[in-house]
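In my numbering, each number is its position in the sequence shown, counted from 1, plus 6. See structure below.
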Amino acid sequence: MKVLIIKTSSMGDIIHTMPAITDAVHSVNHIKFDWVVEESFEDIALWHPAVENVIPVAMRRWRRNPIKALLSGEWSHFKKELRDQEYDCIIDAQGLIKSAFITRRARGISHGLDKASAREPSASRAYQYVHFVPKKQHAIQRVRKLFADSLHYPMPESRPDYGLDKNYFTAGEPQNEYAVFLHGTTWPSKHWPEQYWKQLAEIVVADGRDVFLPWGSETEKKRADFIAHYITQSKGHIKILPEMDMNELAKKIAGASFVVGVDTGLAHLAAALGVPSVTLYG
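Below, the structure is given as C-alpha cells:
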C-alpha cells in the first residue's frame, strides 16, 4: 500500500507526524509513504524509515514571487512529480487551504479533517473522506487519530514512537558529555532573555560539561556570541558551533547529555530522539 502525506511544515509539525507513520507501519502490511514537505524540511521527513520519497514544495518562497515560480517551471515540475504516481490513500494532515490545494492535485483517494476539526474549515471541501478529530487533543494524538481513521485500524493506546534510530544519529559523534542550548526562535514572544542563557551556561560549564550553541541566522549568531563571551572557562567549555545543515545538527542534539531549548522545532526533535530536555515556554 502506498500513501501520500501532505504535511508541508513546520519542523515541529513534521516531527509530530512521525508517530502516526509508525502506528500505520505496525497496523498495515507492506505500507510505504511519500511525503510532500517544504523544501527546507526534506531531510527531516526522510529520517523515518517508512518514508520512501519526499516531494519538496516551496509554497513559502513561491508566495513571495508567484510569477517567477510559474515562469521558472518550478510549479510545473512540482505538479508533474505530484501526479507521477496514483496513491492508495492521500492524507492531508495539515487541514489548511494550502495543503488542501495540494491534495486536490494528487491522484488517489483523499482523506482529511472535517470542518469541525480543521484549522481552516473550508479545507475539508477538498477531500473525498473527512474525519472528526477533537481539537483539544495534543497535536501528536490528533495526527495518530487521523491516520488510524483514514487507514482503517484502531488507534493504538501506546506511547508515541517516532521511529527514529538514535544510534544512526550518534554514530561517529564524540562521547564527551555536553549540553546543547537551543536559544533560537523566530517568535519574539518565545525568546528567553540572553542574560539568563549566559547564567545557565556558567552553571553548566562550572559543573564540568561543555555547552554547544548552534545558530541559523546572524541574529542567532550574535546571541551565541553574547552567551559565550567572558564565561570563565573552568571545568567545562562553551563552543559556538559552525553553521550546520539539519542532519549535522540532529547528530549534535542526539549525542547531548541534555538539551535546553525554547519552544522550537529543534526542541521537539530532542524529545523525539529521547534526549533529556527542558523546554522553556513563554
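Built from N, CA and C at the ideal position, the CB exists for glycine as well.
Q) Ends of the beta strand (DSSP E) at Asn59? A) Position 53 of the sequence shown holds residue 59. That run of the beta strand (DSSP E) goes 57 to 63.
Q | Phe47, enclosing alpha helix (DSSP H) - first and last residue | A | As a first step, residue 47 must be located in the sequence shown, where it is residue number 41. Counting along the chain, Phe47 falls outside any alpha helix (DSSP H), and DSSP gives it neither H nor E.
Q) Residues in its own chain within less than 6 Å of Phe232 by CB, not counting five upstream and five downstream? A) For the purposes of this step, residue 232 is taken as the residue at position 226 of the sequence shown. Here the set comprises Glu200.
(Q) Three Cβ pairs or more, each shorter than 8 Å: is that satisfied between the segment 112 to 127 and the segment 92 to 103? (A) yes
Q. Using 8 Å as the Cβ pair cut-off and three pairs as the minimum, do the segment 127 to 135 and the segment 240 to 253 touch?
A. no
Q. Taking the DSSP output, what are the residues bridged to Arg113?
A. Here residue 113 is taken as the residue at index 107 of the sequence shown, counted from 1. Per DSSP, Glu92.
Q: Buried or exposed for Glu44, please, with buried defined as at least 16 other CB atoms from any protein chain shown within 10 angstroms of its CB.
A: Numbered from its first residue, the sequence shown carries residue 44 at position 38. Buried: at least 16 other Cβ atoms inside 10 Å.
**Q.** Coil, strand or helix - Val211 by DSSP
**A.** As a first step, residue 211 must be located in the sequence shown, where it is residue number 205. Val211 falls in the helix class under three-state DSSP.
Q. When the distance is taken between beta carbons, is Ile61 closer than 8 Å to Val42?
A. Your numbering for residue 42 matches position 36 in the sequence shown. Your numbering for residue 61 matches position 55 in the sequence shown. Taking 8 Å as the Cβ cut-off, Val42 and Ile61 qualify as a contacting pair.
Q.
Classify Asp49: buried if its beta carbon has 16 or more other beta carbons within 10 angstroms, exposed otherwise.
A. Counting from one through the sequence shown, the residue named residue 49 turns up at place 43. With fewer than 16 other Cβ atoms within 10 Å, it is exposed.
(Q) Beta-carbon within less than 6 Å of Val268's beta-carbon, same chain only, minus the 5 sequence neighbours each way: which residues are those? (A) Translated into the one-based positions of the sequence shown, residue 268 becomes position 262. Taken in chain order, the residues that qualify are Thr191, Lys196, Trp198, Leu286.
Q) In angstroms, rounded to a whole number, what distance separates the CA positions of His189 and Glu226? A) The count along the sequence shown starts at 1 and reaches residue 189 at position 183. The count along the sequence shown starts at 1 and reaches residue 226 at position 220. Rounded to the nearest angstrom, the two C-alpha atoms are 8 Å apart.
(Q) Quick check on the DSSP output: the beta strand (DSSP E) that includes Tyr135 runs from which residue to which? (A) As a position in the sequence shown, residue 135 is number 129, starting the count at 1. Taken as a continuous stretch (DSSP letters only), the beta strand (DSSP E) holding Tyr135 covers 135 to 137.
Q.
Just to confirm, is the Cβ distance from Leu157 to Ala56 under 8 Å?
A. Taking the first residue of the sequence shown as 1, we reach residue 157 at position 151. Taking the first residue of the sequence shown as 1, we reach residue 56 at position 50. The answer is no: Cβ separation not under 8 Å.
Q) Per DSSP, Asp98 forms a beta bridge with which residues? A) Within the sequence shown, the letter at position 92 stands for residue 98. Paired residues: Ile12.
Q | Proximity of Val149 and His22 at Cβ, strictly below 8 Å | A | Taking the first residue of the sequence shown as 1, we reach residue 149 at position 143. Taking the first residue of the sequence shown as 1, we reach residue 22 at position 16. Cβ distance < 8 Å, so Val149 and His22 count as in contact.
Q) According to DSSP, which residues form a beta bridge with Ala75? A) Within the sequence shown, the letter at position 69 stands for residue 75. Answer is none; Ala75 lacks a bridge partner.
Q. With 16 other CB atoms within 10 Å as the buried threshold, where does Phe175 fall?
A. Locating residue 175 in the sequence shown gives position 169, where the first residue counts as 1. Around the Cβ of Phe175, a 10 Å sphere holds 16 or more other Cβ atoms; the residue is buried.
Q | Expected contact under 8 Å - CB spacing of Arg125 and Leu102 to nearest Å | A | In the sequence shown, counting from the first residue as 1, residue 125 sits at position 119. In the sequence shown, counting from the first residue as 1, residue 102 sits at position 96. Between Leu102 and Arg125 the Cβ distance is about 6 Å, and since that is below 8 Å, they are a contact.
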